[in-house]
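Visitor: Using the numbering used here, the first residue of the sequence shown is number 297, and each one after it goes up by one. Ideal Cβ positions, reconstructed from N, Cα and C, are used throughout, including at glycine. I'd like to ask some things about the structure below.
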Amino acid sequence: MTAQAAESRDLAVVIGLEVHVQLETDTKIFCGCSTEPAEEPNTNTCPVCLGLPGALPVLNEGAVEAAVKVGKAIGASIPEETAFHRKNYYYPDLPKNFQITQYDAPICQDGVLEFGHEGERRSVGIRRAHLEEDPGSIKHVREGTESLEARTCSIDRADYTLIDYNRAGTPLMEIVTEPDFRDPAEVRAFLEKLEEVLEYLGVFDPTRDGSLRIDANLSVVDAEDVDADGEIDEDVLEEANRTEVKNISSHKGAEQALSFEASRQKKLLESGRAVAQETRHFNETHGNTVAMRSKEEEKDYRYFREADLPPLQVSDWKDEIEIPELPDARRERFQAEYGLSAEAASKLTSTKQVADFYEQLAREYDADLVATWVADNLLGELNYRDMDVTDIEDRLEEIATLVELVAEEEITAKNARETVLRGMLDDGDDPKTIVDREGLGKTSGDAVQEAVEEAIEENPDAVEDYHSGEDGAINFLVGQVMQKTGGSADPGEVNGLLREELEG
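Below is the structure:
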């Protein structure tokens with residue numbers, strides 16, 4: 297598409313992704329060094345991951361198993377045999393001056409991932425997903441007396457650069473999509489879904505820094521070149537100059553970077569200028585992209601077979617590797633088996649840990665009550681404290697006791713939430729200890745009746761408002777009774793007793 301032709305035409309955005317996912321294994325992909333984050337730089341290293349002469353790689357079986365699980369989850373074709381190649385390029389954090397990766401024999405091909413966006417189901421093709429090793433990490437630093445973190449800066453302001461090879465050799469899976477995205481918001485929804493699936497598979501830790509990084513290719517074409525199904529001819533894509541945006545490390549960042557880049561390219565074309573085919577850097581602080589270098593082509597990497605690793609016979613084990621129930625299937629089952637609403641099922645399957653936690657409770661107690669407590673109360677209180685359900689996995693029995701106290705109406709739901717649950721999370725006490733200490737056992741009988749009569753006697757204006765037909769008056773009186781009973785009376789019972797006294 298020429299710049300001149302674009303001036304009088306509608307424009308459409310075409311986006312494809314390369315998502316780099318660190319696989320969750322104990323050791324690196326080609327050596328025995330730990331993948332656990334180390335406090336000191338360059339300590340989780342050995343001759344293999346440092347690329348020293350004579351050191352030979354040995355493939356990590358766990359990384360292959362993780363890749364096969366990903367392939368099965370996206371319905372990809374997994375070949376009988378796969379192989380590794382060397383991708384040659386120089387960069388300071390790549391100690392061998394080449395990266396061991398996969399070229400024409402990826403471990404996964406032709407998959408698809410479905411996700412929801414704006415109330416509709418979307419599907420994006422996965423062209424390939426292959427194994428490779430992660431490079432090290434680079435930190436640009438300026439001179440000064442402050443801490444190292446305070447002196448870390450962008451490369452244009454740096455006095456020197458530090459390299460940490462602890463990450464070098466961490467198993468990485470690069471997931472390459474088809475150019476099926478037409479909107480940066482779709483990209484964000486896709487990444488959220490992909491991360492959810494990876495977490496369910498147990499192959500990915502989203503809390504680890506740099507565990508998911510995105511490179512995005514974006515082109516702008518004439519809208520008339522995109523058909524009603526969103527498909528676009530390959531020749532059109534070949535002719536359109538595209539940019540590759542790097543340094544994207546979050547779902548929100550991906551939407552922000554691509555929104556900026558789409559707008560930038562459209563403005564260039566509408567003003568009669570051409571889009572340079574280049575690699576651009578996403579500046580998260582400023583929310584823009586800046587040119588880094590002209591875009592490399594495949595031939596620049598001079599791929600050739602990795603002679604130190606024999607072809608891998610995936611057929612020997614791919615049929616034996618099983619994957620767990622995935623989030624969409626679990627949501628559907630929760631709705632069918634436990635009678636949950638779509639909204640509740642979605643909340644309770646947001647992570648595998650939350651789903652497991654809920655289901656253990658739902659098998660013993662009323663599934664609907666448990667859903668309310670986990671989805672509406674527990675998750676909200678955990679989120680407020682910047683905690684996760686994994687932080688209380690060993691306290692499942694205590695949460696069960698709390699739900700049981702509510703189910704058997706020994707305490708009110710209000711007290712259970714505001715006093716007992718919060719006390720459990722803040723102080724670590726068990727629910728029965730809190731109930732006894734705070735005197736939260738449900739008040740009933742004569743004590744409630746006495747509180748009802750006192751509330752009526754002390755609030756004549758509210759009584760008059762009630763008889764005048766004001767709905768809020770009864771709620772005020774209920775509140776007065778609850779205050780007198782320390783929140784330990786049943787609100788429904790209080791409401792009924794008040795109405796009896798007022799109508800009597």
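1) Exposed or buried, what is L698 when buried is set at 16 or more other beta-carbons lying within 10 Å of its beta-carbon?
2) Can you tell me which residues form a DSSP beta bridge with L508?
3) Can you tell me whether F500 is helix, strand or coil according to DSSP?
4) Below 8 angstroms between beta carbons: does that hold for A359 and R601?
5) If you draw a straight line from the C-alpha of G312 to the C-alpha of R560, how long is it?
6) What does a CB cutoff of less than 7 angstroms around H577 pick up in its chain, not counting 5 residues either side in sequence?
7) Please state the DSSP three-state secondary structure of P353.
8) Compute the Euclidean distance between the alpha carbons of K383 and C327, then round it to the nearest angstrom.
9) Under the assumption that V408 contacts I422 (Cβ atoms under 8 angstroms), give the Cβ distance between them as a whole number of angstroms.
10) Strictly by DSSP, which residues pair up with A425?
11) Going by Cα to Cα distance, which pick from G371, T448, E482, P475 is closest to E416?
12) Measuring only from the beta carbon, is H582 closer than 7 angstroms to any heavy atom that is part of the ligand COA?
13) Measure the Cβ-Cβ separation of T448 and P388 and say whether it is below 8 angstroms.
14) State yes or no: is the C-beta of K780 within less than 8 angstroms of the C-beta of A747?
15) Rounded to the nearest angstrom, what separates L508 and K548 at their Cα positions?
16) Look up M588 in the DSSP assignment and say whether it is helix, strand or coil.
17) Counting only the same chain and skipping the five closest in sequence on each side, list residues whose C-beta sits under 7 angstroms from that of D501.
18) Would you identify the three-state DSSP class for N771, choosing helix, strand or coil?
19) By the three-class DSSP mapping on this structure, what secondary structure does T457 have?
20) Taking S611 as the reference, give the member of A641, V366, E527, I403 with the closest Cα.
21) Going by beta carbon distance, what residues of the same chain come within less than 7 angstroms of P756, once the five residues before and after it are set aside?
22) In this structure, how does DSSP classify S433 when only helix, strand and coil are distinguished?
23) Would you please state the rounded distance, in angstroms, between the beta carbons of A641 and F630? I believe it to be under 8 angstroms.
24) Give me the Cα-Cα distance between D687 and I617, rounded to the nearest whole angstrom.
25) Since I believe D430 is in contact with T466 (beta carbons under 8 angstroms), could you give me their beta-carbon distance rounded to a whole number of angstroms?
26) Excluding the 5 residues flanking G735 on each side, which residues of the same chain have their C-beta closer than 8 angstroms to its C-beta?
27) Reducing DSSP to helix, strand and coil, say where H582 ends up.
28) Buried or exposed: which applies to Q609, given that a residue is buried once 16 or more other Cβ atoms fall within 10 Å of its Cβ?
29) Can you tell me which of the three DSSP states S555 falls into?
30) I need the straight-line Cα distance from I451 to E633, nearest angstrom please.
31) When burial is assigned at 16 or more other CB atoms within 10 Å of the CB, is K595 buried or exposed?
32) DSSP three-state label for L622, please.
33) Label H763 either buried or exposed according to how many other C-beta atoms from any shown protein chain fall within 10 Å of its C-beta, with 16 as the threshold for buried.
34) Suppose the cutoff is 7 angstroms on Cβ atoms and the five residues either side in sequence are ignored; what does the same chain contact list for N340 look like?
35) According to DSSP, Q573 sits in a beta bridge with which residue or residues?
Guide: In brief:
1) For the purposes of this step, residue 698 is taken as the residue at position 402 of the sequence shown. Result: buried.
2) Here residue 508 refers to the residue found at position 212 of the sequence shown. In DSSP, L508 forms a bridge with V317.
3) Position 204 of the sequence shown, counting from 1, holds the residue named residue 500. In the three-state reduction of the DSSP assignment, F500 falls in the coil class, being assigned neither a helical nor a strand state.
4) Locating residue 359 in the sequence shown gives position 63, where the first residue counts as 1. Locating residue 601 in the sequence shown gives position 305, where the first residue counts as 1. Against a cut-off of 8 angstroms, the Cβ pair of R601 and A359 comes out as no contact.
5) The sequence position of residue 312 within the sequence shown is 16, counting from 1. The sequence position of residue 560 within the sequence shown is 264, counting from 1. Here the C-alpha atom of G312 lies approximately 17 angstroms from the C-alpha atom of R560.
6) Your numbering for residue 577 matches position 281 in the sequence shown. Closer than 7 angstroms at Cβ, skipping near neighbours: K542, N543, T585, V586, M588.
7) Reading the sequence shown from its first residue, position 57 is the one you call residue 353. Annotated three-state conformation of P353 is coil, per DSSP.
8) If you number the sequence shown from 1, residue 383 lands on position 87. If you number the sequence shown from 1, residue 327 lands on position 31. For K383 and C327, the gap between their C-alpha atoms comes out near 19 angstroms.
9) Here the question's residue 408 lines up with position 112 in the sequence shown. Here the question's residue 422 lines up with position 126 in the sequence shown. Indeed, because the Cβ distance is near 6 angstroms, the residues count as touching under 8 angstroms.
10) As a first step, residue 425 is located in the sequence shown; it is residue number 129 there, counting from the start. A425 is bridged to C404, I471.
11) In the sequence shown, residue 416 corresponds to position 120, counting from 1. Of all alpha-carbon atoms in G371, T448, E482, P475, the one lying nearest the alpha-carbon of E416 is that of E482.
12) Looking at this structure, you won't find the ligand COA or any other ligand, since it has none at all.
13) Translated into positions along the sequence shown, residue 448 becomes position 152. Translated into positions along the sequence shown, residue 388 becomes position 92. The answer is no: Cβ separation not under 8 angstroms.
14) Locating residue 780 in the sequence shown gives position 484, counting from the first residue. Locating residue 747 in the sequence shown gives position 451, counting from the first residue. Contact flag set, yes.
15) Within the sequence shown, numbered from 1, the residue matching residue 508 stands at position 212. Within the sequence shown, numbered from 1, the residue matching residue 548 stands at position 252. Each residue's alpha carbon lies about 13 angstroms from the other.
16) Looking up residue 588 in the sequence shown gives position 292. M588 falls in the strand class under three-state DSSP.
17) Along the sequence shown, read from residue 1 onward, the residue named residue 501 stands at position 205. Same-chain partners within the cutoff: E320, S507.
18) By 1-based counting over the sequence shown, the position of residue 771 is 475. DSSP places N771 within a helical segment (H, G or I) once states are collapsed to three.
19) In the sequence shown, counting from the first residue as 1, residue 457 sits at position 161. Looking at T457 - three-state DSSP - the assignment turns out to be strand.
20) To locate residue 611, count along the sequence shown from 1; it is residue 315. Out of A641, V366, E527, I403, I403 has the C-alpha closest to the C-alpha of S611.
21) By 1-based counting over the sequence shown, the position of residue 756 is 460. If you ignore the 5 residues before and after P756, its C-beta comes within less than 7 angstroms of no other C-beta in its own chain.
22) Here residue 433 refers to the residue found at position 137 when the sequence shown is read from its first residue. Here S433 sits in strand by DSSP.
23) The count along the sequence shown starts at 1 and reaches residue 641 at position 345. The count along the sequence shown starts at 1 and reaches residue 630 at position 334. Their Cβ separation, rounded to whole angstroms, is 4 angstroms, which keeps A641 and F630 in contact under 8 angstroms.
24) Your numbering for residue 687 matches position 391 in the sequence shown. Your numbering for residue 617 matches position 321 in the sequence shown. Approximately 29 angstroms, taken between the alpha carbons.
25) To locate residue 466, count along the sequence shown from 1; it is residue 170. To locate residue 430, count along the sequence shown from 1; it is residue 134. About 4 angstroms; that satisfies the 8 angstroms criterion.
26) Reading the sequence shown from its first residue, position 439 is the one you call residue 735. So the qualifying residues of the chain are G782, S784.
27) Translated into positions along the sequence shown, residue 582 becomes position 286. Coil, per DSSP.
28) As a working mapping, residue 609 is identified with position 313 in the sequence shown. So Q609 counts as exposed.
29) Translated into the one-based positions of the sequence shown, residue 555 becomes position 259. Helix.
30) One-based indexing of the sequence shown puts residue 451 at position 155. One-based indexing of the sequence shown puts residue 633 at position 337. If you draw a straight line from the Cα of I451 to the Cα of E633, it comes to about 55 angstroms.
31) Translated into the one-based positions of the sequence shown, residue 595 becomes position 299. Looking at its Cβ environment, which holds fewer than 16 other Cβ atoms inside 10 Å, K595 is exposed.
32) Mapped onto the sequence shown, residue 622 falls at position 326. DSSP places L622 in coil when its eight states are reduced to three.
33) To locate residue 763, count along the sequence shown from 1; it is residue 467. Classification of H763: exposed, given that the 10 Å Cβ count is below 16.
34) Along the sequence shown, read from residue 1 onward, the residue named residue 340 stands at position 44. Closer than 7 angstroms at the Cβ level, and outside the excluded window around N340, lie C329, S330, A334, N462.
35) What you label residue 573 is simply residue 277 of the sequence shown in a count that begins at 1. Q573 pairs with nothing; no bridge assigned.
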